[in-house]
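Chain order of the listed sequences is U and R.
Under the UniProt record's numbering, the first sequence has 92 at position 92, and the numbering climbs by one with no breaks.
Under the UniProt record's numbering, the second sequence has 134 at position 134, and the numbering climbs by one with no breaks.
Virtual Cβ for every residue (Gly too), placed ideally from N, Cα, C.
Below you'll find the structure, written out as structure tokens, and then a few comments.
Number of protein chains: 2
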Amino acid sequence: METSPAFREFACADCEETFDADEIELRCPACGGLLVARYDHDLRTEPTRPPLPLARERRHSLDEGETPATDCPTLADEIGADRLLLKDEGRNPTGAVTDRGLAVAVSAGAAVGADAVSLPTTGNGGQSAAAYAGRAGVTAHSYVPSRCPFVNKAMINVHGGEMNVVEGRYPDALAAYEDSDGARFPVGPSSPYRRAGVKRLGYELLTGPAPSAIVVPTGHGIVLAAIHTAIEELRETGALDVTPRLYAAQPAGCAPIVDACGTADAVAATEQPDTIVGPLEVPDPAVGSLAVAAVDETGGRGVAVSDSDALQAAVDAAGTAGVELSATGGVALAGARELAAEFEGETVALVNPVAGSKEDDLLRSHLMSQGI
Amino acid sequence: METSPAFREFACADCEETFDADEIELRCPACGGLLVARYDHDLRTEPTRPPLPLARERRHSLDEGETPATDCPTLADEIGADRLLLKDEGRNPTGAVTDRGLAVAVSAGAAVGADAVSLPTTGNGGQSAAAYAGRAGVTAHSYVPSRCPFVNKAMINVHGGEMNVVEGRYPDALAAYEDSDGARFPVGPSSPYRRAGVKRLGYELLTGPAPSAIVVPTGHGIVLAAIHTAIEELRETGALDVTPRLYAAQPAGCAPIVDACGTADAVAATEQPDTIVGPLEVPDPAVGSLAVAAVDETGGRGVAVSDSDALQAAVDAAGTAGVELSATGGVALAGARELAAEFEGETVALVNPVAGSKEDDLLRSHLMSQGI
């Protein structure tokens, strides 16, 4: 694979073995651990732009990223923060943060000559993969649970992606994916390329308004791990001299990362996951260990919120700040409300991972349950 | 109202009477004609940023605009253009170009002390109005036809907007609006503030990649009229020395602006409008005369396309370019295909007015009709 000038190697987070880009696809070939990309930061030409493994000429882009961080004064006042910024990842090409990661992961597959990429997904990742695969001229195979939202299934089809709808929930889709043709280039949530792509979200926040705390709705843990890497890289290049605290927010019905934060324990799978927030119903997170490290090493915390509080937070934000949080994004605001005492006088950023319009049915149902 | 330093007056496009901002709301108080804002361009501080009537401090923003113009080489090759740029207005705060105009119009209402704003809408304008009204602390009253998409109705509710669902189609919603309480500040499609807000779309295209042709899916004609004003202003300040040709693209089942382009006739209302593309089913456009002038005075044309061609265009774009055109946006690509002979070797921009995910059902149904 043609790599960028600054890319040095992939390293296993568990066994510390290192690999060239051509030697790896998804996980460590030696031990199955998670891989992280390493760079020679003195070879970087732009210290405030994130380095990527892949050479620029090999990247397929739909102009993802550069999403706004919108000031929400009414929400800041409510929780006693100085500023509250909504980083709206719904304003990516397919309306979700997954676009950032799949842009790089699908490009990596195309760069090594793969005809097809493949992933298990709660839905938005499948839509992103199908979009970038269309762009790159490869086929995307998505394994989605039957509970996946209509919008994701419809748009996977519209992009011409191959879709396997698996009866049940995400673990059922994952099992079907694991039984499938292993010859396709894997772009699932363990992919180091996906974290490399999402890392830019951290760069955008940290080289801009530089919040002192960031609250992230968390499923697999990709966004938290990626922002953590952005912090480390920016500190290494001297572009950042503070460390914002990272907070994992999860639905109480499926909070394995929150449960592990601040403990010495490994992430334990949730036995009976149950949340209306589909993108976050991930009982056994793919990069949970990295997400917990992101929270614990930056002095943050985990916070679990009820589905009802998440939905109400999204409705409140739409009403007083005008912003369109999805139910998934509502988990961040509900979490920030729980954590308000820690944010007094600070600049806090919330990540909205999915456009509100993509979860319109969940938000509308919440109003219905209140008789509206 | 507190106006911007460069704002001079509103002028009627018909009787040429001029007015202060405080003297007008929607249309010319003397003759009912359309109003246009005029500026002292030598008082503008930034010649490549669009002047607005309203003072900066009075504008409520959700960080609308600054949408990407994504290169689509496969689509350019297909129609023989040098470059094809997709200006994706689906990446606005509520997923539609209507955000740009309603940001300014709702702010104008709030600036004059209105408690409530009101509009008839095919749907997206109502969602935008509800979002900005929430932000500005006023109430938005939307009159939507029963055929309005679920996503618009749901999100109007989520923002806490007042919604009047009127049995029938857009003209029925318009009639109900016209029978309603006239004391609310009007932010409907005739509003000069809406065109002033959308104008920036033209500035972004013209001070950036500067296409030689722009194809615009057209309902009321706001976007065409606004880009035309951007051209005129930028030529006046010397920031632009060419005039891109503007093309109106409409569904064949409702093409009153297309029918009037290139003729000496006024826009005549379509008697039996019938298109699946709801945002463009506007039989009697609010700013049709300005839209026709935009096309005729720039050397462009009108083009009418079938619903089926529009839907297929959106599906093709998703498949080969990865971009998510809505059915509404598909009207632009279907139009560009018809017009290909005029675009040889040129840079062409297409406007996608609405996010693909917001019209997922239309796109999916089109696949269904093909047995997919």
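Host alpha helix (DSSP H) of residue i (start-end)
| i | result |
| --- | --- |
| residue 293/R | 288-298 |
| residue 150/R | 150-158 |
| residue 77/R | 73-79 |
| residue 199/U | 192-206 |
| residue 100/U | 98-111 |
| residue 135/R | 124-136 |
| residue 139/R | Here residue 139/R belongs to no alpha helix (DSSP H); instead the beta strand (DSSP E) covers 139-145. |
| residue 245/R | Taken as a continuous stretch (DSSP letters only), residue 245/R belongs to no alpha helix (DSSP H), being part of the beta strand (DSSP E) at 245-251. |
| residue 364/R | 360-369 |
Per-residue burial, residue i [other beta carbons within 10 Å of its own, 16 or more giving buried]
| i | result |
| --- | --- |
| residue 56/U | exposed |
| residue 79/R | buried |
| residue 279/U | buried |
| residue 368/U | exposed |
| residue 343/U | buried |
| residue 12/U | buried |
| residue 16/R | exposed |
| residue 250/R | buried |
| residue 112/U | exposed |
| residue 372/R | exposed |
| residue 347/R | buried |
| residue 150/U | exposed |
| residue 229/R | buried |
| residue 241/U | exposed |
| residue 263/R | exposed |
| residue 297/R | exposed |
| residue 68/U | buried |
| residue 238/U | exposed |
Proximal residues of chain R, C-beta to C-beta of residue i below 7 Å
| i | result |
| --- | --- |
| residue 290/U | Those within 7 Å of residue 290/U in chain R number zero; the least Cβ separation is about 28 Å. |
| residue 305/U | The premise fails here: residue 305/U is roughly 18 Å from chain R at the closest Cβ pair, so nothing lies under 7 Å. |
| residue 315/U | 158 |
Same chain, Cβ closer than 8 Å to residue i, five either side skipped, listed in chain order
| i | result |
| --- | --- |
| residue 362/U | 276, 277, 311, 326, 327 |
| residue 31/R | 12, 14, 15, 17 |
| residue 165/R | 144, 145, 146, 148, 153 |
Chain R contact residues for residue i, given Cβ-Cβ distances below 9 Å
| i | result |
| --- | --- |
| residue 367/U | 154, 157, 158 |
| residue 320/U | 134, 135, 137, 160 |
| residue 323/U | 62, 93, 131, 134, 135 |
Cutoff 7 Å; reference residue i; Cβ partners in own chain excluding five residues on either side
| i | result |
| --- | --- |
| residue 134/U | 159, 160 |
| residue 337/U | 79, 313 |
| residue 306/R | 252 |
| residue 379/R | Examination of residue 379/R is not possible in this model, given that chain R is present from 1 through 372 alone. |
| residue 76/R | 82, 83, 84 |
Endpoints, the beta strand (DSSP E) within which residue i is located
| i | result |
| --- | --- |
| residue 441/U | No statement about residue 441/U is possible, as the shown extent of chain U runs from 1 to 372 and does not include it. |
| residue 269/U | That residue, residue 269/U, is in no beta strand (DSSP E); it is neither H nor E in DSSP. |
| residue 8/R | 7-12 |
| residue 215/R | 213-217 |
| residue 86/R | 83-88 |
| residue 305/U | 302-305 |
| residue 325/U | That residue, residue 325/U, is in no beta strand (DSSP E); it is neither H nor E in DSSP. |
Own chain, CB closer than 6 Å to residue i, minus 5 neighbours either side, in chain order
| i | result |
| --- | --- |
| residue 155/U | 127 |
| residue 191/U | 26, 105 |
| residue 2/R | 55, 58 |
| residue 356/U | 324, 325, 326 |
| residue 95/U | 355, 358 |
| residue 220/R | 189, 282, 285, 286, 287 |
| residue 203/R | 50, 230 |
| residue 81/U | 343, 346, 348 |
| residue 320/R | 74 |
Chain-ordered neighbours of residue i on chain U, where CB pairs are closer than 9 Å
| i | result |
| --- | --- |
| residue 150/R | 360, 361, 364 |
Contacts that residue i makes with chain R (C-beta to C-beta distance below 8 Å)
| i | result |
| --- | --- |
| residue 372/U | 157 |
Residue i Cβ short of 8 Å to the ligand NAP heavy atom set
| i | result |
| --- | --- |
| residue 276/R | Ligands displayed in this structure: none; no statement on the ligand NAP is therefore possible. |
Practice item. Could you please tell me which residues of the stretch 336-363 of chain U, in chain order, have their CB closer than 8 Å to any CB of chain R? Key: 355, 356, 357, 358, 360, 361, 363
Practice item. Compile a chain-ordered list of the residues in the stretch 49-71 of chain R whose CB is closer than 7 Å to at least one CB of chain U. Key: 62, 63, 68, 70
Practice item. With 7 Å as the C-beta to C-beta threshold (strictly closer), list the residues of the stretch 112-134 of chain R near chain U in chain order. Key: 131, 132, 134
Practice item. Determine which residues of the stretch 91-107 of chain U have a Cβ less than 7 Å from any Cβ of chain R, and write them out in chain order. Key: 91, 93, 94, 95
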